[in-house]
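Data block below; observations after.
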Amino acid sequence: MQKEAAIREPLILGHKTYHDVTEDVCRPIEDKAPKMWYILFGIALVIGLYGVGSIMYLLGTGIGVWGLNKTIGWAWDITNFVWWVGIGHAGTLISAVLLLFRQKWRMAINRSAEAMTIFAVFMAGTFPLIHMGRLWVGYWVMPIPNQFGSLWVNFNSPLLWDVFAISTYLSVSLVFWYIGLIPDFATIRDRAKKPLAKKMYSILSFGWSGRAKHWNRFELVSLVLAGLATPLVFSVHSIVSFDFATSVIPGWHTTIFPPYFVAGAVFSGFAMVQTLLLIMRKAMGLEAYIHTKHVEYMNIVIMVTGSIVGTAYITELFISWYSGVEYESYAFINRATGPYWWAYWSMMTCNVVSPQLMWFRPLRRSLLFTFFISIVVNIGMWFERYVIIVTSIHRDYIPAAWSMHFPSHIDIAVYIGTIGLFFVFFLLFARFFPVLALNEVKTILKGSGQSYKESPDYHKHH
Amino acid sequence: MSDKVLYVMYDDDEVLKNSAKKLVAKGVKISEVFSPFPIHGIDPIIGVKNTRLGIMAFLYGLTGLTLATVGMRYFMIVDWPMNIGGKPNFSYLENMLAFVPISFEFTVMCAAHGMAITYLLRNKTLPGMPAQNPDPRTTDDKFVMEIRLSENHGVTEAELDGMLQEIGYLELDKKELK
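These protein sequence lines are chains A and B, in that order.
FYI, my numbering numbers position 292 of the first sequence as 749, with every residue one higher than the one before it.
FYI, my numbering numbers position 131 of the second sequence as 314, with every residue one higher than the one before it.
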């Protein structure tokens, strides 16, 4: 058992025993779903189905139904793609990077954050796929022998790097998540009373028995997967940024993109975790496990990554002037003062100003304020991608080709639809899966639980 | 030959660890421990060796790196060298930088999935496998040691009972195996 300093705030509040942890996490799964769950699920499903319908229409008609034009070939689609991938960065960061740094507070949030990651990457992957227009030839991105002679995909292209990056990220995150879920499914299986639930959780838990040797392997596999996933987290958004950075478009062709995109991704991912967890902890009665201290830690991450993003914005602005390239400086002057000034300044306010408020301790410990800022950050990060993508291409080298982008009804419907689908997945997860890594939380109960930390014996032994 | 198994239950990981230490000191072989979460430090006591899955992950990763290198060299250099702005397309080394991202991603993909599959196979935890924990409470808050008489020829059942009485336990369950 690992002890920690007495002045550290306990991570598990109240007087919990091992059994209480099991009860608290399993109760929402075993009880009947509250009425609110059905209402939210219904709303999400309707919105999601509307999105699916719009995608069907798009596939049947062609991507001309989007508001793209000859000058602006990428707009909402890629904005949404990058936005969702960015959101999908927090989960694996929390479970992998924080595992390597031995941050115990991750244990209460990693399960749901990783679920969020996986669903967000699903949504992200939808956009490049439907952008192909002919979804059924999507497999052409794989290097497989074909009937066109020896024609291979271009391994020099960042778009192909992206295919490999996203698919690796999605599948490795999924495996990492599921390996952690197996012992927790076993707990639910051993408690289940209804035959159908017992059968389902029995299949899901793969017959896990909790032998010492299995736990020994489990710990090593988690550690090695964390070691593999850590560079993966950083590589995925670096590669997404290469989609832009390796091009020759002023405003995209910048070396600062990889670190700046990674920081932005973590920034928006943590904001989305806050949005979801602040509601979930309340709705599922998990206040003892996910409390103010966890929220504060996450707000500090938001503050740090937000500051990196802010520094990057100002750096690229300065360098565009300092480079002496008139096209480069025009791209940035146009961003801030051109027809899309409102998008640029929304981005600046949401992403640069709002995280700085987290320097104030009462603010970063206020749940209501955190919830508000988390929404603001996600709006800001959507605008960031929109600003980078659309404002850089809407005024190109020939003024006659200058154009504006107006989203079509389908643009909006597909985007809102993915938000609906995301919540459909997340609500199903919250209903049927253990939302807390309950068996992992038990390992820190004695070291970081309130009742243990406050007992007079805590600092005597060892 | 029939075998008798003793399941000794505790409600605390530290208590189980101390009891296991005492039993092992008296020459008792503990064949298995079932617990809801990893008990740190139990492995050397009951003689569980460290897993070699880490080495496997490295080998899978190496396989991935090799496959990616061989594949990209064949696709981009040998079979169909693309002319991209007149850049050299006849040597792998001169094009290597463009191949770094996919080499990395494919290495990670093979290492992670290879290790995960090996882990599930070695554990024999696969979809549809039956649970083998002796008591459903071992995935909640109870910790169980399994002692097999067939692995403990030095001590009789009565002696073992005596030792357990002295050390203490929460529940004791005996089962005949055929």
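Note that beta-carbon positions come from the ideal geometry of N, C-alpha and C, so glycine has one too.
query	result
C-alpha distance - Lys-651(A) paired with Arg-674(A), whole-angstrom precision	31 Å
Interface flag, Ile-267(B) vs chain A, CB-CB below 8 Å	yes
Extent of the continuous beta strand (DSSP E) run through Phe-217(B)	215-217
For Lys-750(A) and Arg-465(A), the rounded distance between their alpha carbons	10 Å
Chain-ordered neighbours of Glu-487(A) on chain B, where CB pairs are closer than 8 Å	Neighbours of Glu-487(A) on chain B: none; closest Cβ ~13 Å, over 8 Å.
Within-8 Å CB hit, Thr-169(B) to chain A	No answer is possible for residue 169(B): the residues shown for chain B start at 184 and end at 361.
Below-8 Å beta-carbon distance, Arg-331(B) vs any chain A residue	no
Residue from Phe-883(A), Phe-817(A), Arg-822(A) with nearest C-alpha to Leu-502(A)	Phe-883(A)
Coarse secondary structure for Ile-464(A), derived from DSSP in three states	coil
Ser-666(A) versus Val-478(A) - alpha carbon distance	19 Å
DSSP bridge partner residues for Leu-189(B) (one or two, in chain order)	Ile-330(B), Lys-357(B)
Where Arg-484(A) sits in the DSSP three-state scheme	helix
Exposure label - Thr-900(A); buried when at least 16 CB within 10 Å	buried
Minimum C-alpha distance to Phe-579(A) - residue among Tyr-909(A), Gly-874(A), Ile-771(A)	Gly-874(A)
Endpoints, alpha helix (DSSP H) assigned at Cys-293(B)	275-306
Test: Met-184(B) CB closer than 8 Å to a CB of chain A	Residue confidence for Met-184(B) is low, a pLDDT of 48 falling below 50, so the modelled location carries little weight; the figure read from the coordinates is stated next. Not an interface residue.
Cut-off 7 Å between Cβ atoms - residues of its own chain near His-748(A), not counting five sequence neighbours on either side	Leu-470
Within 8 Å, strictly: CB atoms of Ser-695(A) and Val-719(A)	yes
Interface residues of the segment 221-242 of chain B facing chain A [CB-CB below 8 Å]	Pro-221, Ile-222, His-223, Ile-225, Asp-226, Ile-229, Val-231, Asn-233, Thr-234, Leu-236, Gly-237, Ala-240
Residues within the segment 642-664 of chain A neighbouring chain B, beta-carbon criterion of under 9 Å	Ala-643, Thr-644, Ile-645, Arg-646, Asp-647, Arg-648, Ser-659, Ile-660, Leu-661, Ser-662, Phe-663, Gly-664
Within chain A, the residues that Asn-316(B) reaches when beta carbons sit closer than 9 Å	Ala-643, Asp-647, Trp-665, Ser-666, Gly-667, Arg-668
Reduced DSSP secondary structure (H/G/I, E/B, other) of Gly-519(A)	coil
Min CB distance Trp-672(A) to chain B below 8 Å	yes
Interface residues of chain D facing Gly-311(B) [CB-CB closer than 9 Å]	In the displayed structure, chain D is absent; the protein chains listed are A and B.
Under the three-state DSSP convention, the category Ser-905(A) falls into	helix
Contacts that Gly-143(B) makes with chain A (C-beta to C-beta distance below 9 Å)	Since the first residue of chain B shown is 184 and the last is 361, residue 143(B) is not available in this structure.
Within-8 Å CB hit, Lys-899(A) to chain B	yes
Those residues which DSSP pairs with Ile-229(B) across a bridge	Note: Ile-229(B) sits in no beta bridge, so no partner.
Simplified DSSP state of Ile-601(A), which is helix, strand or coil	coil
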